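Trainee: Here the working numbering is used: the first residue of the sequence shown is 6, the next is one more, and so on.
For each residue, glycine too, the CB sits at the ideal point set by N, CA and C.
The structure displayed is predicted, hence computed values, not measured ones.
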Amino acid sequence: MRRGAIVSLIAIAVVVAAITTAIAYFIDWLPEQASEERVGIDFVLWLTIAICIFVFAVVAAISIYAGFKFRVRPDDDSDGPPIHGHTGIEIVWTAVPTILVTIIAIASAVVLARNDRVSGDNPLTVEVTAQQFAWSFRYPEDGDVTSPNLYLPVDRSAKLVLQARDVIHSFWVPEFGQKQDAVPGIVTTLIVTPTKTGEYRIICTELCGLGHGLMRSKAVVVSEGEFATWLRQEGQDGEGGEGAGDDGEEGEGEAPDAEQLFVANCGSCHSFTEAGTSGTIGPGLDGLDTDPADAERQIRQGGGGMPPFEGRLSDAEIESLVQYLTGSRG
Ligand code: CUA
């Protein structure tokens with residue numbers, strides 16, 4: 006190969022690499038980094054991007070150079086010379102990508118293993134329940150407080166224990182990086198160690214039905230003190246909501262809070278002014294003129310695109326929702 010050709014190839018590769026590096030570096034592609042786990046995930050991402058830029062620059066340099074150098078002249082009707090391949094080049098273009106992919110695989114495995122470990126000796130356990138089309142979060146170590154939003158204390162590892170009630174969903178907060186499926190019948194876990202206070206979006210990233218795009222909640226990261234205050238307040242509200250009652254901490258006979266129930270279970274699909282929800286998957290429920298028995302049947306059995314809530318909610322909770330919606334308060 007002539008020296009001029011090598012110099013041209015390197016020059017083109019450097020220009021292409023500089024442009025793509027600038028695009029990768031100067032555009033703010035990523036969400037705010039708000040968890041310990043994101044550090045490793047971002048490292049693997051940038052490592053992969055660097056390798057991609059290298060490969061792209063090499064391929065682009067050879068393509069651009071060959072396009073100009075070996076262009077067919079308008080009056081040239083001859084066949085090209087018969088070529089039999091080049092064993093040396095074939096070995097190189099097999100070995101180099103193998104090495105690069107292996108580097109990515111090792112880096113990913115190390116980061117995944119590290120992100121599965123809690124940091125500190127006091128992780129917070131939160132049970133995450135996914136269902137069409139809502140999230141709920143339960144704090145079993147803290148009086149079974151249940152909330153439609155995920156409250157987390159900053160700088161403390163949280164072990165999320167995920168379950169799904171109907172189909173596969175997937176838990177993701179872009180700022181935390183970590184992502185995990187919630188699968189019916191099995192329990193999955195995810196470690197998140199928030200490093201910044203603030204409010205972040207929880208997004209379902211598994212297509213789970215009509216309301217998938219609306220299956221959002223909030224992750225609220227607060228100081229340890231604010232978290233303790235929040236737990237105390239939620240506990241006093243007698244909230245606890247669904248799934249409670251095993252340990253009798255709620256007090257028998259106490260009516261479940263209908264508005265909370267509605268927001269957690271129905272709000273992502275149905276609009277209802279009183280509860281401040283604005284879902285559009287199902288019909289709006291303002292001024293509902295339905296017989297309470299019909300409303301109860303609809304909630305229990307579902308139908309018309311709505312999932313059944315029999316077995317998901319207790320009888321008292323269903324009753325409370327029916328009263329809340331039909332205005333037949335006893
Ligand atoms: Cu749940 Cu998508």
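In chain order, what are the residue ranges of uninterrupted beta strand (DSSP E) at least 3 long that sit wholly in the segment 113-196?
Mentor: 129-136, 139-144, 150-152, 155-158, 163-169, 174-177 and 184-187
Trainee: Per DSSP, Met-339 forms a beta bridge with which residues?
Mentor: It is not possible to answer for residue 339, since the shown part of the chain is limited to 6 through 335.
Trainee: Does the separation of the CB atoms of Gly-307 and Phe-314 fall below 8 Å?
Mentor: yes
Trainee: Less than 8 Å between the beta carbons of Ile-304 and Val-327, yes or no?
Mentor: Cβ atoms of Ile-304 and Val-327: closer than 8 Å.
Trainee: Could you check the C-alpha separation between Val-21 and Pro-102 for me, to the nearest Å?
Mentor: One C-alpha to the other measures close to 19 Å.
Trainee: With a threshold of 7 Å, establish whether the CB of Ala-135 neighbours any heavy atom of ligand 1.
Mentor: yes
Trainee: Which of the three DSSP states, helix, strand or coil, is assigned to Ile-286?
Mentor: Here Ile-286 sits in coil by DSSP.
Trainee: Buried or exposed, going by whether 16 or more other CB atoms sit within 10 Å of the CB of Ala-280?
Mentor: buried
Trainee: In this structure, how does DSSP classify Ala-100 when only helix, strand and coil are distinguished?
Mentor: Assigned with DSSP and collapsed to three states, Ala-100 falls in helix.
Trainee: Smallest Cα separation from Leu-330: which of Asp-299, Ser-124, Lys-223 and Pro-153?
Mentor: Asp-299
Trainee: At which residues does the beta strand (DSSP E) containing Lys-223 begin and terminate?
Mentor: That run of the beta strand (DSSP E) goes 221-227.
Trainee: For Ile-208, report the span of its alpha helix (DSSP H) as first-last.
Mentor: From DSSP, Ile-208 is part of no alpha helix (DSSP H) but of the beta strand (DSSP E) over 203-209.
Trainee: With a 10 Å radius around its C-beta and 16 neighbouring C-beta atoms as the bar for buried, classify Gly-93 as buried or exposed.
Mentor: Exposed is the call here.
Trainee: Looking at C-alpha atoms only, which residue of Ala-112, Arg-119, Val-172 and Val-166 is the closest neighbour of Gln-136?
Mentor: Val-172
Trainee: Excluding the five sequence neighbours on either side, which residues of its own chain have a C-beta within less than 6 Å of the C-beta of Ser-152, listed in chain order?
Mentor: Phe-142
Trainee: Can you give the beta carbon distance from Val-197 to Gln-168, rounded, assuming they're within the 8 Å contact cut?
Mentor: Val-197 to Gln-168, Cβ: 17 Å. No contact.
Trainee: Pro-158 and Ser-222 look like a contact to me (Cβ under 8 Å); what is the Cβ gap, rounded to whole Å?
Mentor: About 18 Å separates the CB atoms of Pro-158 and Ser-222; that is not less than 8 Å, and the two are not in contact.
Trainee: For ligand 1, is there any heavy atom lying closer than 7 Å to the beta carbon of Met-311?
Mentor: Proximity of the beta carbon of Met-311 to ligand 1 is not indicated: no heavy atom of the ligand is located closer than 7 Å.
Trainee: Looking at C-alpha atoms only, which residue of Thr-200, Gln-241, Leu-293 and Trp-140 is the closest neighbour of Ile-208?
Mentor: Trp-140
Trainee: I want to check one thing, is the minimum distance from the CB of Cys-209 to the heavy atoms of ligand 1 below 7 Å?
Mentor: yes
Trainee: Taking only three categories from DSSP, how would you classify Ser-273?
Mentor: coil
Trainee: Using only CA atoms, which one of Leu-290, Ala-10 and Pro-312 lies nearest to Tyr-70?
Mentor: Ala-10
Trainee: Would you call the segment 37-45 and the segment 110-120 touching, i.e. three or more CB-CB distances under 8 Å?
Mentor: Three or more beta-carbon pairs separated by less than 8 Å link the segment 37-45 to the segment 110-120, which places the two stretches in contact.
Trainee: Taking 7 Å as the cut-off, is the beta-carbon of Cys-274 closer than that to any non-hydrogen atom of ligand 1?
Mentor: No, the beta carbon of Cys-274 sits no closer than 7 Å to any heavy atom of ligand 1.
Trainee: With a threshold of 7 Å on Cβ separation, who are the neighbours of Gly-45 within its own chain once the five nearest residues in sequence on each side are excluded?
Mentor: Val-116, Arg-119 and Asn-120
Trainee: By alpha-carbon positions, which one of Phe-176, Asn-127, Pro-189 and Asp-149 ends up nearest to Asp-160?
Mentor: Asn-127
Trainee: Would you say the beta carbon of Phe-138 comes nearer than 7 Å to a heavy atom of ligand 1?
Mentor: yes
Trainee: At the level of alpha carbons, what is the spacing between Glu-95 and Thr-134?
Mentor: 52 Å
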